[in-house]
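Participant: Protein chains in written order, with our numbering: chain S, 15 to 211; chain Z, 15 to 211.
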DNA sequence: TCCAAATTAAGACTAGGTACTAATAGTAAT
DNA sequence: ATTACTATTAGTACCTAGTCTTAATTTGGA
């Protein structure tokens with residue numbers, strides 16, 4: 015049961031890395047040594063106390079939270095929406111959207127803003143992008159605010175709707191595209207023509 | 015300065031939601047009341063003590079960690095790359111990529127995978143997407159693995175390179191697109207023709 | 001066997017609380 | 001004015017999971 019000091023300390027380090035929320039008491043039990051020994055070990059290994067460990071995990075992740083959240087749910091903030099007609103959203107380009115080398119916004123974020131706006135403007139339970147023809151007409155830098163405007167062209171042929179999206183920084187057009195959207199009305203699952211399988 | 019009870023409690027709730035790592039002492043200072051009042055408020059609002067709040071943030075986020083990281087850096091994992099020729103990446107569609115309603119992958123994730131692969135395949139310091147013509151040919155469901163294959167068409171006319179990207183689930187094509195890429199060689203900042211401003 | 005390292009123990013102190021009791025201030029109704 | 005009630009403040013004892021320090025014990029190796 016009783017390992018020697020070195021062995022125990024290695025294991026202790028690994029244990030705490032894997033389960034940072036373990037008290038000295040639990041660790042003492044686990045290694046069949048006294049609490050004091052665990053504390054000496056932590057001292058030697060420069061491992062902070064439980065509460066500090068928890069705090070650092072929490073604050074680390076806390077800073078990532080804002081980054082992690084909006085990616086999936088809101089790409090840009092919708093400021094105007096009239097279903098099946100038009101929608102406007104704004105997206106402030108922060109450090110999480112740019113290439114670190116040159117602070118230029120990565121294309122897929124502009125696409126994501128436009129695409130999610132195209133999805134949002136469709137007045138339907140299920141709307142999916144079938145195709146898109148897009149142009150990036152000017153680079154967007156960190157700190158700039160992108161305003162995307164979507165207008166539903168309305169001409170449904172075969173259950174599809176074309177949505178035009180144009181994005182601007184100030185008066186300059188930075189992105190434009192036409193999104194062809196499927197909609198669930200008269201939609202029957204899986205593949206749906208186009209050059210599918 | 016001194017708000018009434020209701021007002022203070024509302025503000026307290028918001029404050030703690032926004033900054034969970036605040037002690038009762040700091041809160042008491044902020045609202046110019048005693049620590050005991052803050053504690054009564056927390057009791058009434060069922061807000062746990064600081065250490066419990068930290069712990070819940072830590073454990074919550076602990077589970078999200080894996081989700082949070084890859085979004086910005088690696089959209090899909092590159093498994094093969096020969097610069098200026100071809101590249102392959104795989105992306106496993108998890109719950110973070112899909113609409114919660116129907117578990118169908120959101121378009122911008124497929125786009126992001128393809129786009130970042132197109133950027134990666136360009137043998138240059140700076141590569142940016144100028145335009146893209148894309149098709150979503152089959153929906154991708156949660157749990158499926160998307161393999162994206164990019165081939166650089168090579169025909170540089172005016173410093174641009176066309177990259178063809180096709181994405182598959184198994185043998186089925188789910189996405190295809192042509193990305194027209196700028197490259198930094200003979201690149202001179204700002205707008206670069208196309209129908210800019 | 002003896003020494004040094006390793007371990008355990010004990011005591012005083014800390015932060016950030018809980019739980020409980022009690023006192024005080026302010027307001028409204030009788 | 002007295003009572004009733006709420007809101008606030010104060011103080012005590014206790015808790016956890018530590019800290020830091022000093023001291024005593026155990027253990028392994030030459």
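Cβ atoms here follow ideal geometry from the backbone N, Cα and C, with glycine treated the same way.
1. Label residue 129(Z) either buried or exposed according to how many other C-beta atoms from any shown protein chain fall within 10 Å of its C-beta, with 16 as the threshold for buried.
2. Take the Cβ of residue 121(Z) as the centre, count every other Cβ of all protein chains shown within 10 Å, and call the residue buried at 16 or more, exposed below.
3. Can you tell me the Cα-Cα spacing of residue 167(Z) and residue 151(S), whole angstroms?
4. On the premise that residue 189(S) lies in contact with residue 148(S), defined as a C-beta separation below 8 angstroms, what is that separation, rounded to the nearest angstrom?
5. Give me the DSSP bridge partner(s) of residue 113(S).
6. Run through the DSSP bridge pairs and tell me what residue 142(Z) is partnered with.
7. Report the rounded CA-to-CA distance for residue 70(Z) versus residue 109(Z), giving the unit in angstroms.
8. If we call anything under 7 angstroms between Cβ atoms a contact, is residue 164(Z) one with residue 154(Z)?
9. Closer than 8 angstroms by C-beta to residue 62(Z): which residues in its own chain qualify, once you throw out the five before and the five after it? Chain order, please.
10. Using a C-beta to C-beta distance shorter than 8 angstroms, which residues of chain S count as neighbours of residue 142(Z)?
11. At a CB-CB cut-off below 7 angstroms, which residues of chain S make contact with residue 103(Z)?
12. Could you spell out the range, first to last residue, of the beta strand (DSSP E) harbouring residue 152(Z)?
13. Taking residue 132(Z) as the reference, give the member of 20(Z), 64(Z), 52(Z), 174(Z) with the closest Cα.
14. If you check the beta carbons only, do residue 119(S) and residue 111(S) fall under 7 angstroms apart?
15. So what does residue 178(S) bridge to, in DSSP terms?
16. Grab me the residues of residue 53(Z)'s own chain with a C-beta within less than 7 angstroms of its C-beta, minus the 5 sequence neighbours each way, in chain order.
17. Find the nearest neighbour of residue 192(S) within the set 146(S), 159(S), 185(S), judged by alpha-carbon distance.
18. Taking DSSP as the reference, what is the three-state secondary structure of residue 99(Z)?
Facilitator: Based on what the coordinates show:
1. Within the second chain, residue 129(Z) is the residue found at index 115, counting from 1. By the neighbour-count rule (16 or more Cβ atoms within 10 Å), residue 129(Z) is buried.
2. The count along the second chain starts at 1 and reaches residue 121(Z) at position 107. Of the residues assessed, residue 121(Z) falls on the buried side of the cut-off, its CB having 16 or more other CB atoms within 10 angstroms.
3. Taking the first residue of the second chain as position 1, residue 167(Z) is located at position 153. Taking the first residue of the first chain as position 1, residue 151(S) is located at position 137. Rounded to the nearest whole angstrom, the C-alpha separation of residue 167(Z) and residue 151(S) is 21 angstroms.
4. As a working mapping, residue 148(S) is identified with position 134 in the first chain. As a working mapping, residue 189(S) is identified with position 175 in the first chain. Contact flag correct, Cβ pair sits at about 7 angstroms.
5. The residue labelled residue 113(S) in the question sits at position 99 within the first chain. The partner list for residue 113(S) (beta bridge, DSSP) is empty, contrary to what the question assumes.
6. Counted from its first residue, the second chain places residue 142(Z) at position 128. The partner list for residue 142(Z) (beta bridge, DSSP) reads 196(Z).
7. Your numbering for residue 70(Z) matches position 56 in the second chain. Your numbering for residue 109(Z) matches position 95 in the second chain. Straight-line Cα distance between these residues: approximately 22 angstroms.
8. Taking the first residue of the second chain as 1, we reach residue 164(Z) at position 150. Taking the first residue of the second chain as 1, we reach residue 154(Z) at position 140. With respect to the 7 angstroms criterion, residue 164(Z) and residue 154(Z) are not classified as neighbours on the basis of their beta carbons.
9. Residue 62(Z) sits at position 48 when you count from the first residue of the second chain. Within the same chain, and ignoring the five residues on either side of residue 62(Z) in sequence, the residues whose Cβ sits closer than 8 angstroms to its Cβ are 56, 70.
10. Taking the second chain and counting its residues from 1, one reaches residue 142(Z) at position 128. Going along chain S in sequence order, the residues near residue 142(Z) (Cβ under 8 angstroms) are 118, 121, 150, 153.
11. Taking the first residue of the second chain as 1, we reach residue 103(Z) at position 89. In chain order: nothing, as chain S lies at least about 13 angstroms away.
12. Counting from one through the second chain, the residue named residue 152(Z) turns up at place 138. Taken as a continuous stretch (DSSP letters only), residue 152(Z) belongs to no beta strand (DSSP E), as it is neither H nor E.
13. For the purposes of this step, residue 132(Z) is taken as the residue at position 118 of the second chain. For the residues 20(Z), 64(Z), 52(Z), 174(Z), the minimum Cα distance to residue 132(Z) belongs to 174(Z).
14. Taking the first chain and counting its residues from 1, the one referred to as residue 119(S) is at position 105. Taking the first chain and counting its residues from 1, the one referred to as residue 111(S) is at position 97. For the 7 angstroms CB-CB criterion, residue 119(S) and residue 111(S) form a contact.
15. If you number the first chain from 1, residue 178(S) lands on position 164. Within the DSSP bridge table, the entry for residue 178(S) names 165(S), 192(S) as partners.
16. For this step, residue 53(Z) is matched to residue 39 along the second chain. Cβ neighbours of residue 53(Z) beyond the five flanking positions: 38.
17. Here residue 192(S) refers to the residue found at position 178 when the first chain is read from its first residue. Minimum Cα distance to residue 192(S) is reached at 146(S).
18. Taking the first residue of the second chain as 1, we reach residue 99(Z) at position 85. Shown here, residue 99(Z) sits in coil according to DSSP, grouped into three states, outside any helix or strand.
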